[in-house]
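A.B. asks:
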Amino acid sequence: MATATQEASLVGPIAGIPAAAWDGLCPDGNPFLRHAFLAALEDSGSAVAEAGWQPLHLTMGEPEAPTAACPLYVKGHSYGEYVFDHGWADAYERAGGQYYPKLLVGVPFTPVPGPRLLAASEAQRQQLAATIRGATDKLGLSSAHVNFASEAEVALLEEEGFLRRRGIQFHWHNRGYRDFQDFLDAMRSTKRKAIRKERAAVAAAGVEIRTLTGEALTEADLAAFYPFYVSTVDKRWGSAYLTADFFRRLARNFAERIVLVTVRQEGTLVGAALNLRSGDTLYGRLWGCRKEVEFLHFEACYYRAIDFAIQHGLARVEAGAQGMHKLQRGYEPVFTHSAHYIRDPGLREPVHRYLKQESRAQAAELVELRGLLPFHREHQD
């Protein structure tokens, strides 16, 4: 498949692309786009064709030294994406169309915003956007979806006929806080007291909470976390996406990026919260626990993350998808962005109308949510 100026290749698994070449296109810091992270997903059997995630990564230029690339998958379903298009698929298939398979540009099971069109220049990034559309047409697939992209990338994709879609997440922003108390002091008194009460209840529950990083972490720690992850997934969704081998590979290759908050009772591990970090951001990813302690989830996943971010001078904490309960704990609503190319005008037009309505509703929702933030007015942007 060729574009106007460069050859494009659909490579298959990430192992077919040199790690140094791929990582050379990645912006510094974001751990989820690194070759080793994507390889861990694939080599562990988590993101593979048998699970509905067939790797088909796209590169442009010389195969050994690409000038542009993106993490691309052929999807046989819409699970593990966190940008929901099940309604579109149902409507299209009721009308006699075939929605699956489709193309997805993104990081499997990871609702973390970040760059998706990896390129050495803006011109090559634009060419990459056009190539994704061309690949969809050539393969005869219903659609292509670029999830949790940057707003600038979505603008480029719109020029290629993609439809813009927004979502809302809750991120904590470090406004130069000296410590957790300084953060609490920015809140209205009722909200400040509520958080203190929650933290005191956990402290009195007889659990020991520690934050492990770097050399303090071992493969055994991540292996021990896996049952907690499975337990949480089974309660909510009924099917664990990630395998035990993925966590072992994560510990082996990303120990310096992992921040693991452990919960022990009488020396026994009963729960943990898994985070990854970049130079300026802590990403809350997974939580699991076998001990019912009121407010423990908030303490381990949100308050300890804020503590860590303040102590290490990080700019923000991204706590993952959904969760209105994050709002009252100082996590602020922000827009996320995705782009969707739909080949059939019979589906494209109603989806376009829906997205316009959704966008208007979200604009109003964001204003309403910001009005519910627990901070004193002078501490809000």
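Note that my numbering has the sequence shown beginning at -13, numbered continuously upward. Every residue gets a Cβ at the ideal spot worked out from N, C-alpha and C, and that includes glycine.
With a threshold of 6 Å on Cβ separation, who are the neighbours of residue 341 within its own chain once the five nearest residues in sequence on each side are excluded?
C.D. replies: One-based indexing of the sequence shown puts residue 341 at position 355. Excluding positions up to five away in sequence, the list reads 149 and 151.
A.B. asks: Can you tell which of 129, 101 and 53 has the C-alpha that lies nearest to the C-alpha of residue 330?
C.D. replies: Walking along the sequence shown from the start, residue 330 turns up at place 344. When only C-alpha atoms are compared, the closest one is 129.
A.B. asks: First and last residue of the alpha helix (DSSP H) that includes residue 232?
C.D. replies: In the sequence shown, the residue the question calls residue 232 occupies position 246. Looking at the DSSP string, the run of the alpha helix (DSSP H) that includes residue 232 is 230 to 240.
A.B. asks: Residue range of the alpha helix (DSSP H) that residue 317 falls in?
C.D. replies: If you number the sequence shown from 1, residue 317 lands on position 331. It is not in any alpha helix (DSSP H) - residue 317 carries neither H nor E in the DSSP assignment.
A.B. asks: Since residue 268 sits in a beta bridge, which residues does DSSP pair it with?
C.D. replies: Position 282 of the sequence shown holds residue 268. Residue 268 pairs with 263 and 303.
A.B. asks: Between residue 353 and the rest of its own chain, which residues show a CB-CB distance below 8 Å, the 5 nearest in sequence each way excluded?
C.D. replies: If you number the sequence shown from 1, residue 353 lands on position 367. There are no such residues.
A.B. asks: Leaving out five residues before and five after residue 292 in sequence, what residues of the same chain have Cβ atoms less than 8 Å from its Cβ?
C.D. replies: Counting from 1 along the sequence shown, the entry for residue 292 is found at position 306. Within the same chain, residue 292 has close Cβ partners 158, 166, 169, 303 and 316.
A.B. asks: DSSP state of residue -6, grouped into three classes?
C.D. replies: For the purposes of this step, residue -6 is identified with residue 8 of the sequence shown, where counting begins at 1. Here residue -6 sits in strand by DSSP.
A.B. asks: Taking the alpha-carbon positions, what's the residue 283 to residue 25 distance?
C.D. replies: The sequence position of residue 283 within the sequence shown is 297, counting from 1. The sequence position of residue 25 within the sequence shown is 39, counting from 1. Approximately 30 Å, taken between the alpha carbons.
A.B. asks: Between the C-alpha atoms of residue -3 and residue 49, what's the straight-line distance to the nearest angstrom?
C.D. replies: Position 11 of the sequence shown holds residue -3. Position 63 of the sequence shown holds residue 49. Roughly 9 Å between the two C-alpha positions.
A.B. asks: By how many angstroms is the C-alpha of residue 55 removed from the C-alpha of residue 375?
C.D. replies: What is shown of the chain runs -13 to 367, which leaves residue 375 out entirely.
A.B. asks: Mind checking residue -13: buried by the 16 CB within 10 Å criterion, or exposed?
C.D. replies: By 1-based counting over the sequence shown, the position of residue -13 is 1. Residue placement at residue -13 cannot be trusted, given a pLDDT of 42 that sits under 50; the coordinates are not used to answer.
A.B. asks: With three or more beta-carbon pairs closer than 8 Å as the criterion, would you say the region 36 to 44 touches the region -5 to 11?
C.D. replies: In short, these stretches touch, since the Cβ pair count reaches three.
A.B. asks: Nearest-angstrom Cα distance between residue 58 and residue 141?
C.D. replies: The residue you call residue 58 lines up with position 72 of the sequence shown. The residue you call residue 141 lines up with position 155 of the sequence shown. Looking at the two C-alpha atoms, the distance is approximately 19 Å.
A.B. asks: Let me check understanding here. Comparing Cα to Cα, which of 155, 207 and 93 lies closest to residue 356?
C.D. replies: Numbered from 1 along the sequence shown, position 370 holds the residue referred to as residue 356. Closest option to residue 356, Cα to Cα, is 155.
A.B. asks: How long is the line joining the alpha carbons of residue 119 and residue 21, rounded to whole angstroms?
C.D. replies: Stepping through the sequence shown from its first residue, residue 119 is reached at position 133. Stepping through the sequence shown from its first residue, residue 21 is reached at position 35. Cα to Cα, the separation comes out at about 24 Å.
A.B. asks: Give the secondary structure of residue 289 by DSSP, where H, G and I count as helix, E and B as strand, and everything else as coil.
C.D. replies: One-based indexing of the sequence shown puts residue 289 at position 303. Helix.
A.B. asks: For residue 308, does the count of other Cβ atoms within 10 angstroms reach 16, so buried, or fall short, so exposed?
C.D. replies: Taking the sequence shown and counting its residues from 1, the one referred to as residue 308 is at position 322. Residue 308 is exposed by the Cβ-count criterion.
A.B. asks: Across which residues does DSSP place residue 324 in a beta bridge pair?
C.D. replies: Here residue 324 refers to the residue found at position 338 of the sequence shown. According to DSSP, residue 324 bridges with 151.
A.B. asks: Consider the C-beta atom of residue 131 and the heavy atoms of the ligand SAH; say whether any pair is separated by less than 8 Å.
C.D. replies: In terms of ligand content, the structure shown is empty, and the ligand SAH therefore cannot be addressed.
A.B. asks: Assess contact between the region 251 to 271 and the region 190 to 204, defined as three or more Cβ pairs (one per stretch) separated by less than 8 Å. Is contact present?
C.D. replies: Yes, since at least three Cβ pairs between the region 251 to 271 and the region 190 to 204 fall closer than 8 Å, the two stretches touch.
A.B. asks: Taking all protein chains shown into account, do 16 or more other C-beta atoms lie within 10 angstroms of the C-beta of residue 368, making it buried, or fewer, making it exposed?
C.D. replies: Nothing in the structure corresponds to residue 368, since the chain is present only between -13 and 367.
A.B. asks: From residue 320 to residue 210, what distance separates their C-alpha atoms?
C.D. replies: Numbered from 1 along the sequence shown, position 334 holds the residue referred to as residue 320. Numbered from 1 along the sequence shown, position 224 holds the residue referred to as residue 210. Roughly 33 Å separates the two Cα atoms.
A.B. asks: Starting from residue 47, trace the beta strand (DSSP E) in both directions and tell me its first and last residue.
C.D. replies: Here residue 47 refers to the residue found at position 61 of the sequence shown. Start and end: 44 to 48.
A.B. asks: From the DSSP output, which residues share a beta bridge with residue 56?
C.D. replies: Counting from one through the sequence shown, the residue named residue 56 turns up at place 70. Note: residue 56 sits in a beta bridge opposite 44.
A.B. asks: Comparing alpha-carbon positions, which option in 67, 335 and 229 lies nearest residue 32?
C.D. replies: Working through the sequence shown from its first residue, we reach residue 32 at position 46. With distances taken between Cα atoms, residue 32 lies closest to 229.
A.B. asks: Look at the alpha carbon of residue 160 and the alpha carbon of residue 122, and state the distance between them as a whole number of angstroms.
C.D. replies: As a working mapping, residue 160 is identified with position 174 in the sequence shown. As a working mapping, residue 122 is identified with position 136 in the sequence shown. One C-alpha to the other measures close to 41 Å.
A.B. asks: Pop quiz: residue 294 and residue 245 are said to be a contact at Cβ under 8 Å. What is the actual Cβ separation, rounded to whole angstroms?
C.D. replies: Counting from 1 along the sequence shown, the entry for residue 294 is found at position 308. Counting from 1 along the sequence shown, the entry for residue 245 is found at position 259. Right, their Cβ atoms sit about 6 Å apart.
A.B. asks: Where residue 69 and residue 61 are concerned, what is the direct C-alpha to C-alpha distance, given to the nearest angstrom?
C.D. replies: Position 83 of the sequence shown, counting from 1, holds the residue named residue 69. Position 75 of the sequence shown, counting from 1, holds the residue named residue 61. Distance between the alpha carbons of residue 69 and residue 61 is about 13 Å.
A.B. asks: Let's see if you can read the secondary structure: which residues bound the beta strand (DSSP E) around residue 196?
C.D. replies: Translated into positions along the sequence shown, residue 196 becomes position 210. Unbroken beta strand (DSSP E) run through residue 196: 194 to 199.
A.B. asks: Closest by CA to residue 279, which one among 264, 257 and 268?
C.D. replies: Position 293 of the sequence shown, counted from the start, is the residue given in the question as residue 279. Of 264, 257 and 268, the residue nearest in Cα terms is 257.
A.B. asks: Kindly indicate which three-state DSSP category residue 329 falls into: helix, strand or coil?
C.D. replies: Position 343 of the sequence shown, counted from the first residue, corresponds to residue 329. The answer is coil: DSSP assigns residue 329 none of H, G, I, E or B.
A.B. asks: Taking all protein chains shown into account, decide if residue 176 is buried (16 or more other Cβ within 10 angstroms of its Cβ) or exposed.
C.D. replies: As a first step, residue 176 must be located in the sequence shown, where it is residue number 190. With fewer than 16 other Cβ atoms within 10 Å, it is exposed.
A.B. asks: Residue 159 bridges to which residues according to DSSP?
C.D. replies: For the purposes of this step, residue 159 is identified with residue 173 of the sequence shown, where counting begins at 1. Paired residue(s): 302.
A.B. asks: Would you kindly work out how many angstroms separate the C-alpha atoms of residue 19 and residue 186, rounded to a whole number?
C.D. replies: As a working note, residue 19 is residue 33 in the sequence shown. As a working note, residue 186 is residue 200 in the sequence shown. For residue 19 and residue 186, the distance between alpha carbons rounds to 38 Å.
A.B. asks: From residue 5 to residue 13, what does the alpha carbon distance come to, in whole angstroms?
C.D. replies: Translated into the one-based positions of the sequence shown, residue 5 becomes position 19. Translated into the one-based positions of the sequence shown, residue 13 becomes position 27. Cα to Cα, the separation comes out at about 14 Å.
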